[in-house]
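Engineer: One structure follows; several queries about it will come next.
2 protein chains.
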Amino acid sequence: MGDMNRPDTNPDGSPTLPPNFAKSIGFLLNKAGQLLTAQFESELAPYGLSARNWGVLRFIDVNGNQSQQSIGEQLRIDRSTMVNLVDELERMGYVVRLRDPHDRRRYAVTLTEYGRRQLRSGLDSVEDKVTDRFLERISEQDRERLVSILISLVAPDGITPPGAG
Amino acid sequence: MGDMNRPDTNPDGSPTLPPNFAKSIGFLLNKAGQLLTAQFESELAPYGLSARNWGVLRFIDVNGNQSQQSIGEQLRIDRSTMVNLVDELERMGYVVRLRDPHDRRRYAVTLTEYGRRQLRSGLDSVEDKVTDRFLERISEQDRERLVSILISLVAPDGITPPGAG
DNA sequence: TATTGTTATACTCTATAACTATA
DNA sequence: TATAGTTATAGAGTATAACAATA
């Protein structure tokens, strides 16, 4: 494993795989995740988004407007951390906080027209684009294998998620 | 992708895979890496080691005693960060700093007898143990596929590392 | 002049606890 | 009493810049 949570780019251009660590699953898994995340964030940069607040944005796009707490529970982000993420998205105009009339303690974190337009004009396909480029070196069959293997490894005990077989 | 770099355990026991994010390669990759790292760190806890300073320890075990800077370059850890990692390992008795007589600016970060004994009595097999448990749900064939696919994805451009075919 | 290790420092990310307003 | 959101704050983890000793 070696290094688990560090940036992927090597400023001086020295070899990316340290000797004797290259075959460690832990190292490879973390390394692959870091590489993909870095490519993803560089693609998101023009939109002013980090992978983190893109996640929140995409989540409400797919799952509908909802409270900060609800988003946080599903993405496992602490509600105090959610405050700042929503602040950023609101500052950039992607979302607004609208009071829930039925429970005035809550906000509905709501996509703005601008937010929806940005999503429809490319932002919602950034992930596919980055993933395709990341996977271009491996065959279609291996892509499917990779996803199905990862789902088996990541899924909670005793559950075989759809598509994992 | 959603959340990219957060802890894996869910304090309240709620579902581990958020809806509509389960098939994202980025999410799965990072999630798998986090799960494995968490299992790894819980196995290392009795030794007082984090995944990070275990990496340094294992690195000099495999590659020989060497300077902080040299270790840092190969594991891509800043030399100022290396200071603290070596401090911790030295405090726990795994390594000592010995001045390099040929270049008195450098230390040779050197395994102690205690460090070597700890490695030989289980520490050096922690990774295999954790990896085996992590992979127990998938077939031997899928394990090999996973490693070879990950190597293809992580290896620098134009290089096909040994074992990747 | 350049390099190794060190320190001081700052920045990011995150979680905890206490507060407010609502329920 | 409990819950949604907020704030202050503190703890990791890491990087940058400046420094001492050595080359």
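If you read the sequences in order, they're chains A and B.
Each residue of the first sequence is one higher than the last, beginning at 1077 in this note's numbering.
Each residue of the second sequence is one higher than the last, beginning at 1077 in this note's numbering.
Note that beta-carbon positions come from the ideal geometry of N, C-alpha and C, so glycine has one too.
1. Give the C-beta separation of Val1132 of chain B and Leu1165 of chain B to the nearest angstrom, bearing in mind that I take them to be a contact with Cβ-Cβ under 8 Å.
2. Which partner residues does Arg1175 of chain B have in the DSSP bridge list?
3. With distance defined between alpha-carbon atoms, name the residue in B:Gln1145, B:Leu1125, B:Lys1107 nearest to Gly1191 of chain B.
4. In this structure, what does DSSP give as the bridge partners for Gln1142 of chain A?
5. I need the DSSP call for Ser1197 of chain A, collapsed to helix, strand or coil.
6. For Trp1130 of chain A, which residues of its own chain have a beta-carbon under 6 Å away from its beta-carbon, when the five flanking residues on both sides are left out?
7. How would you label Glu1189 of chain B, buried or exposed, when you count the other beta carbons within 10 angstroms and need 16 or more for buried?
8. On the CB-based measure, 16 or more other CB atoms within 10 Å of its CB, does Asp1163 of chain B come out buried or exposed?
9. For Leu1258 of chain B, return the contacting residues in chain A, with the cut-off set at a CB-CB distance below 7 Å.
10. Assuming the contact rule is C-beta atoms closer than 8 Å, Ala1184 of chain A and Ser1143 of chain A should be a hit. Round their C-beta distance to whole Å, please.
11. Hey, Leu1187 of chain A and Val1171 of chain A: beta-carbon distance below 7 Å or not?
12. What's the C-alpha gap between His1178 of chain B and Ala1114 of chain A?
13. Pull up the distance between the alpha-carbon of Leu1195 of chain B and that of Glu1149 of chain B, whole angstroms please.
14. The alpha helix (DSSP H) spanning Asp1204 of chain A covers which residue range?
Structural biologist: Here's the rundown:
1. With 8 Å as the limit, Val1132 of chain B and Leu1165 of chain B qualify as a contact, their Cβ atoms being about 6 Å apart.
2. Beta bridge pairing from DSSP links Arg1175 of chain B with B:Tyr1183.
3. Residue B:Leu1125 holds the alpha-carbon nearest to the alpha-carbon of Gly1191 of chain B among B:Gln1145, B:Leu1125, B:Lys1107.
4. Gln1142 of chain A is bridged to A:Val1185.
5. If DSSP states are grouped into helix, strand and coil, Ser1197 of chain A belongs with coil.
6. Counting only residues of its own chain and dropping the five nearest sequence neighbours on each side, Trp1130 of chain A has a CB closer than 6 Å to the CB of Leu1120.
7. Around the beta-carbon of Glu1189 of chain B, fewer than 16 other beta-carbon atoms lie within 10 Å, marking it exposed.
8. When all chains shown are included, Asp1163 of chain B counts as exposed.
9. Residue 1258 of chain B is absent from the model: chain B starts at 1077 and stops at 1241.
10. Right, their Cβ atoms sit about 7 Å apart.
11. Yes, the pair counts as a contact, with Cβ atoms nearer than the cut-off.
12. So the alpha carbons of these two residues sit roughly 40 Å apart.
13. The alpha-carbon atoms of Leu1195 of chain B and Glu1149 of chain B are separated by roughly 23 Å.
14. It spans 1202 to 1211 - the alpha helix (DSSP H) in which Asp1204 of chain A sits, taken as one unbroken run.
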